[in-house]
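J.: Protein chains in written order, with the working numbering: chain D, 10 to 588; chain F, 210 to 301. Even for Gly, the Cβ is constructed at its ideal location relative to N, Cα and C.
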Amino acid sequence: MRPAADPDLSAIAALPSLTALLRHRAAVQPDDRAYVALSDRGHEDRTITFAELDRRAAALARQIAGRAASGERALLLFPMGIDCLVALFACLYAGIIGVPMMVPRRQSARDASASILADCNPRLALTTAELLSGARGDLIGRFQHAGLEWIAADEAGEEVEAVELPSARRDDIAFLQYTSGSTSAPKGVMVSHGNLLANLEMIRIACGNTRASTYVSWVPLYHDMGLILNALQALYVGALCVLLPPLAFLQRPSLWLRAIHEYRAEVAGGPNFAFDLCVDRHRPEQLAGLDLSCWKLAFVGAEPVRAATIERFAETFRPYGFDPQAMWPGYGMAEATLLITGGDRRDGPIVRTVSRAGLLRHEAVPPREDPDAQPVVGCGRALAGEDIAIVDPETTARLGVDRVGEIWASGPNTAPGYWQNPEATEATFRAQIAGEADRQWLRTGDLGFLDAGGELFITGRIKDVIIIRGANHYPQDIEDTVQGSHPAMRRHGGAAFTIADDAKGELLVVVQEVERTERHRIEPAQLIGQIREAIVLEHDIVPHEIALLRPGALPKTTSGKIQRALACQLWLTGALDRL
Amino acid sequence: MPRPNVTESDIRDWCIAYLRKTVDNPSIAIGPDASFAELGLDSATSAYFIVELEEWLGAELTPELVFEYPTISALAHFIAEGQGGAADAAGG
Numbered sequence: 010m011r012p013a014a015d016p017d018l019s020a021i022a023a024l025p026s027l028t029a030l031l032r033h034r035a036a037v038q039p040d041d042r043a044y045v046a047l048s049d050r051g052h053e054d055r056t057i058t059f060a061e062l063d064r065r066a067a068a069l070a071r072q073i074a075g076r077a078a079s080g081e082r083a084l085l086l087f088p089m090g091i092d093c094l095v096a097l098f099a100c101l102y103a104g105i106i107g108v109p110m111m112v113p114r115r116q117s118a119r120d121a122s123a124s125i126l127a128d129c130n131p132r133l134a135l136t137t138a139e140l141l142s143g144a145r146g147d148l149i150g151r152f153q154h155a156g157l158e159w160i161a162a163d164e165a166g167e168e169v170e171a172v173e174l175p176s177a178r179r180d181d182i183a184f185l186q187y188t189s190g191s192t193s194a195p196k197g198v199m200v201s202h203g204n205l206l207a208n209l210e211m212i213r214i215a216c217g218n219t220r221a222s223t224y225v226s227w228v229p230l231y232h233d234m235g236l237i238l239n240a241l242q243a244l245y246v247g248a249l250c251v252l253l254p255p256l257a258f259l260q261r262p263s264l265w266l267r268a269i270h271e272y273r274a275e276v277a278g279g280p281n282f283a284f285d286l287c288v289d290r291h292r293p294e295q296l297a298g299l300d301l302s303c304w305k306l307a308f309v310g311a312e313p314v315r316a317a318t319i320e321r322f323a324e325t326f327r328p329y330g331f332d333p334q335a336m337w338p339g340y341g342m343a344e345a346t347l348l349i350t351g352g353d354r355r356d357g358p359i360v361r362t363v364s365r366a367g368l369l370r371h372e373a374v375p376p377r378e379d380p381d382a383q384p385v386v387g388c389g390r391a392l393a394g395e396d397i398a399i400v401d402p403e404t405t406a407r408l409g410v411d412r413v414g415e416i417w418a419s420g421p422n423t424a425p426g427y428w429q430n431p432e433a434t435e436a437t438f439r440a441q442i443a444g445e446a447d448r449q450w451l452r453t454g455d456l457g458f459l460d461a462g463g464e465l466f467i468t469g470r471i472k473d474v475i476i477i478r479g480a481n482h483y484p485q486d487i488e489d490t491v492q493g494s495h496p497a498m499r500r501h502g503g504a505a506f507t508i509a510d511d512a513k514g515e516l517l518v519v520v521q522e523v524e525r526t527e528r529h530r531i532e533p534a535q536l537i538g539q540i541r542e543a544i545v546l547e548h549d550i551v552p553h554e555i556a557l558l559r560p561g562a563l564p565k566t567t568s569g570k571i572q573r574a575l576a577c578q579l580w581l582t583g584a585l586d587r588l
Numbered sequence: 210m211p212r213p214n215v216t217e218s219d220i221r222d223w224c225i226a227y228l229r230k231t232v233d234n235p236s237i238a239i240g241p242d243a244s245f246a247e248l249g250l251d252s253a254t255s256a257y258f259i260v261e262l263e264e265w266l267g268a269e270l271t272p273e274l275v276f277e278y279p280t281i282s283a284l285a286h287f288i289a290e291g292q293g294g295a296a297d298a299a300g301g
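Right, dumping it as structure tokens:
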């Protein structure tokens, strides 16, 4: 039996927009804390109530409403914290489309910023006074764009001018999420108010969240998981969300666990690597007195979820009261607002062992013997009001239970498309299953299978994206970095791909041809060091292996394109012609 | 408590020994003048490296140090000069 319906839940389910949602929270629980921001050392730094968030966002909205027209874009460049959420809601109140972005790392020379600027043509850039003053490098210099106006959102005074703010409708675009597409061709997912409210409701039902579901999150707010699954879901149900700076988590994962304990958090999660990091850095002497029995839902996603990670995390933290059934693997992507599949609270993770050889034949069957056994983690089922199909990516025919194919999704959380990119929108968001007309599906580019109970298992990927620590990277961007690192590197003569490692997850391998004329002039070890340095500085990932190849060693199509998948196969069999 | 009488070469030796242990790749030679990026330290591993160094030194350091002083030599020199925050020591 389900408990009696909560009147607050029926109220939020009927709301037309996110702005109405915040106004609702400010009206029904004005003095409850919406967000608490922790310092780098995990101490409580700042707090904001729902009423204050509403007031500050509305005040900032009145200031920016005069500087950009409704529907124009505003970059949101913030460190983790309350100012970012104030600015996001200010944009929503003003009808300006926010574009959350990562503050560029100081040491990277080149990133996606320039092409995102060109793509979304922003009128405003909202940030903090500290960042604007150059605390993290020359922000203004990096974001050169004609007509771009900078605003320090935390310095905007609380003037109360009588500016009328528009009221948002369900179909209005709330913000753009640039998590897809390479540096040269970024794609901004248009997320509407209706998409967000639909997905937030689906997440609430699956997670069983209530006002008491306190969150502790270190996942950055420019990351869709950090923004939607943490910060906005907490606001949706009226719960407190505690924000820990991401770097503080990387330095001391125990701060996250400590905060979960101190705030008696029910919900906290992150990409797979976060759980590995907690285990790798686990020092019992730092965790004396820790009680994690409050932690009811540990969601894990944004990158492949590994059975070994779930197991060792549960084993390590069970002595602190952590419930292994709290582990909650999920699957999603920005194109579906955020979440596509997830289990029910307290279901516990489902791990199935299938045959590796079977997966190569695109089917999930029991393994023959030990080396053939491959554990795969279930990522839950379709959410309320959504459908999932497994489809042959070539013929677009629907496949049955336990058959591996491309994962397609369709629901009210499917975004309308990519910002000003009808071609990519058509290909990704408007797919049709052969023989089943009249329904548009989202092609995820991921491979997997559904079992008889509708549980989704992810087994691979057909899109050209490398996912490391929950962040998407594009092979062509990494190859460009390699080829730009030294004149001896052959243009269009490199490939970046990943190999799966049972213990370490996805590992980056880079192979690069050397120019014929330079072959005898270079020092390979030094060159490899230079390539590694360039990749770390530009992309913040450490290649597992870098190999220099003889010119012409890489397989190419007749039109001269590098065949990455084939290069990977040749690499694994040792058949690439090394220098 | 801050570790007393730490010299620049002590810090350098500690960094080399620590990175030899953590950089899990035999093909990378750990030297004092290679950049941290060249040694394969991304933001996550360098942030943790600073925490470990901080604990060994008994003094607070900021994670940005590895970008400002991007080699073992430069970092050791900076810290030994006493500008690394060793003066305002804290327990961690």
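Kindly identify the DSSP beta-bridge partner or partners of D455(D).
T.: Along the first sequence, one-based indexing puts residue 455(D) at 446. The partner list for D455(D) (beta bridge, DSSP) reads R470(D).
J.: Indicate the three-state DSSP secondary structure (helix, strand or coil) for F589(D) in the structure shown.
T.: Absent from the model: residue 589(D). The displayed extent of chain D is 10 to 588, so no value can be given.
J.: Under a three-way DSSP split, which group does C93(D) fall into?
T.: The residue labelled residue 93(D) in the question sits at position 84 within the first sequence. The answer is helix: DSSP assigns C93(D) an H, G or I state.
J.: Measure the C-alpha to C-alpha separation of D401(D) and V474(D) and round it to an integer number of angstroms.
T.: Taking the first sequence and counting its residues from 1, one reaches residue 401(D) at position 392. Taking the first sequence and counting its residues from 1, one reaches residue 474(D) at position 465. Their backbone Cα atoms lie some 20 Å apart in a straight line.
J.: Between the C-alpha atoms of A238(F) and R42(D), what's the straight-line distance to the nearest angstrom?
T.: Along the second sequence, one-based indexing puts residue 238(F) at 29. Along the first sequence, one-based indexing puts residue 42(D) at 33. Each residue's Cα considered, the two are about 51 Å apart.
J.: Nearest chain F C-beta to G538(D) closer than 8 Å, yes or no?
T.: Counting from 1 along the first sequence, the entry for residue 538(D) is found at position 529. It does; some Cβ of chain F falls within 8 Å.
J.: Does D486(D) come within less than 8 Å of chain F when only Cβ atoms are used?
T.: Within the first sequence, numbered from 1, the residue matching residue 486(D) stands at position 477. No, because no Cβ of chain F sits closer than 8 Å to the Cβ of D486(D).
J.: Going by the DSSP bridge assignment, what does E445(D) pair with across the sheet?
T.: Within the first sequence, residue 445(D) is the residue found at index 436, counting from 1. Paired residue(s): I442(D).
J.: Which residues in the same chain as V108(D) place their Cβ atom closer than 8 Å to its Cβ, once the five residues preceding and following it in sequence are excluded?
T.: If you number the first sequence from 1, residue 108(D) lands on position 99. So the list reads R82, A83, L84, L85, I125, C129, P131, F184, L185, Y187, G197, once near-sequence residues are dropped.
J.: Let me make sure I understand the geometry here. Which of I349(D), Q429(D), Q242(D), R412(D) has the alpha-carbon closest to that of I397(D)?
T.: On the first sequence, position 388 is the one that residue 397(D) refers to. Among I349(D), Q429(D), Q242(D), R412(D), the Cα nearest to that of I397(D) belongs to I349(D).
J.: The alpha helix (DSSP H) spanning A67(D) covers which residue range?
T.: Taking the first residue of the first sequence as position 1, residue 67(D) is located at position 58. Element bounds for A67(D): 59-74.
J.: Would the region 266-283 of chain F and the region 302-309 of chain D be scored as touching if the rule is three or more Cβ pairs under 8 Å?
T.: no
J.: Can you look up A29(D) in the DSSP assignment and give me helix, strand or coil?
T.: In the first sequence, the residue the question calls residue 29(D) occupies position 20. Note: A29(D) maps to helix in three-state DSSP.
J.: Strictly below 8 Å CB to CB, what residues from chain D border S252(F)?
T.: Sequence index remark: in the second sequence, residue 252(F) carries index 43 (1-based). Chain D residues near S252(F): R114, L256, L259, D549.
J.: Can you confirm whether the region 331-345 of chain D touches the region 421-428 of chain D when touching is taken to mean that 3 or more C-beta pairs between the two stretches lie within less than 8 Å?
T.: yes
J.: Which same chain residues end up closer than 6 Å to R273(D) when comparing Cβ atoms and leaving out the 5 residues on each side of it in sequence?
T.: As a working note, residue 273(D) is residue 264 in the first sequence. Taken in chain order, the residues that qualify are C303.
J.: Taking the alpha-carbon of L206(D) as reference, which of V225(D), L230(D), A243(D) has the nearest alpha-carbon?
T.: Your numbering for residue 206(D) matches position 197 in the first sequence. Ranking V225(D), L230(D), A243(D) by Cα distance to L206(D) puts A243(D) first.
J.: Answer yes or no: do I57(D) and I21(D) have a C-beta to C-beta separation smaller than 8 Å?
T.: Along the first sequence, one-based indexing puts residue 57(D) at 48. Along the first sequence, one-based indexing puts residue 21(D) at 12. With respect to I21(D), I57(D) sits apart: the two C-beta atoms are not nearer than 8 Å.
J.: Select from I149(D), S26(D), T28(D), H33(D) the residue whose C-alpha is nearest the C-alpha of P16(D).
T.: Indexing the first sequence from 1 puts residue 16(D) at position 7. Looking at the Cα atoms, H33(D) is the closest of the given residues.
J.: Helix, strand or coil: how does DSSP classify D163(D) here?
T.: In the first sequence, counting from the first residue as 1, residue 163(D) sits at position 154. Residue state, collapsed to three classes: coil.
J.: What does P272(F) reach in chain D if we use C-beta pairs closer than 7 Å?
T.: As a working note, residue 272(F) is residue 63 in the second sequence. Result: L256, Q260.
J.: Are there three or more Cβ pairs, one per stretch, closer than 8 Å when the region 275-282 of chain D is compared with the region 220-230 of chain D?
T.: Taking a cut-off of 8 Å on C-beta distances, the region 275-282 of chain D touches the region 220-230 of chain D, as three or more cross pairs fall below it.
J.: If you run the structure through DSSP and keep just helix, strand and coil, what is H52(D)?
T.: Position 43 of the first sequence holds residue 52(D). DSSP places H52(D) in coil when its eight states are reduced to three.
J.: Suppose the cutoff is 8 Å on Cβ atoms and the five residues either side in sequence are ignored; what does the same chain contact list for M110(D) look like?
T.: Numbered from its first residue, the first sequence carries residue 110(D) at position 101. Correct list, in chain order: L84, L85, L86, S122, I125, Y187, Y231.
J.: For L546(D), go through chain F and note every residue whose CB falls closer than 7 Å to its CB, in chain order.
T.: Looking up residue 546(D) in the first sequence gives position 537. Result: A246.
J.: Which class does I571(D) belong to by DSSP, given the choice of helix, strand or coil?
T.: For the purposes of this step, residue 571(D) is taken as residue 562 along the first sequence, with counting starting at 1. If DSSP states are grouped into helix, strand and coil, I571(D) belongs with the strands.
J.: With DSSP as the reference, label V374(D) as helix, strand or coil.
T.: Translated into the one-based positions of the first sequence, residue 374(D) becomes position 365. Note: V374(D) maps to coil in three-state DSSP.
J.: What does DSSP give as the partner residues of Y340(D) in its beta bridges?
T.: Looking up residue 340(D) in the first sequence gives position 331. According to DSSP, which records beta bridges pairwise, Y340(D) is partnered with T350(D).
J.: Among the candidates V246(D), L141(D), R530(D), L133(D), whose CA atom is the shortest distance from the CA of A155(D)?
T.: Residue numbering aside, residue 155(D) sits at position 146 when the first sequence is read from its first letter. When only C-alpha atoms are compared, the closest one is L133(D).
J.: Using beta-carbon positions only, say whether L4(D) and A480(D) come within less than 8 Å of one another.
T.: The structure shown does not extend to residue 4(D), since chain D is modelled only from 10 to 588, so the question has no answer here.
J.: Taking the straight line between their C-alpha atoms, what separation do you get for G583(D) and A161(D)?
T.: By one-based count along the first sequence, residue 583(D) stands at place 574. By one-based count along the first sequence, residue 161(D) stands at place 152. Approximately 54 Å between the Cα atoms of the pair.
J.: Below 8 Å on C-beta distance, what does G305(F) contact in chain D?
T.: Residue 305(F) lies beyond the stretch modelled for chain F, which goes from 210 to 301, so this question has no answer here.
J.: So is M10(D) in contact with chain F if we call contact Cβ pairs under 8 Å?
T.: The residue labelled residue 10(D) in the question sits at position 1 within the first sequence. Annotation note: pLDDT 46 at M10(D) (below 50); position unreliable, coordinate value reported separately. Answer no: the Cβ-Cβ gap between M10(D) and chain F never drops below 8 Å.
J.: Suppose you measure from the CA of A283(D) to the CA of G339(D); what does that come to, to the nearest Å?
T.: Within the first sequence, numbered from 1, the residue matching residue 283(D) stands at position 274. Within the first sequence, numbered from 1, the residue matching residue 339(D) stands at position 330. If you take the alpha carbons of A283(D) and G339(D), they lie about 15 Å apart.
J.: Please report how far the alpha carbon of R390(D) lies from the alpha carbon of G414(D), in whole angstroms.
T.: Indexing the first sequence from 1 puts residue 390(D) at position 381. Indexing the first sequence from 1 puts residue 414(D) at position 405. Taking the straight line from one Cα to the other gives about 16 Å.
J.: Find the residues of chain F that neighbour E542(D), judging by a C-beta separation of less than 8 Å, and give them in chain order.
T.: Position 533 of the first sequence holds residue 542(D). Those are S244, A246, E247, listed as they occur along chain F.
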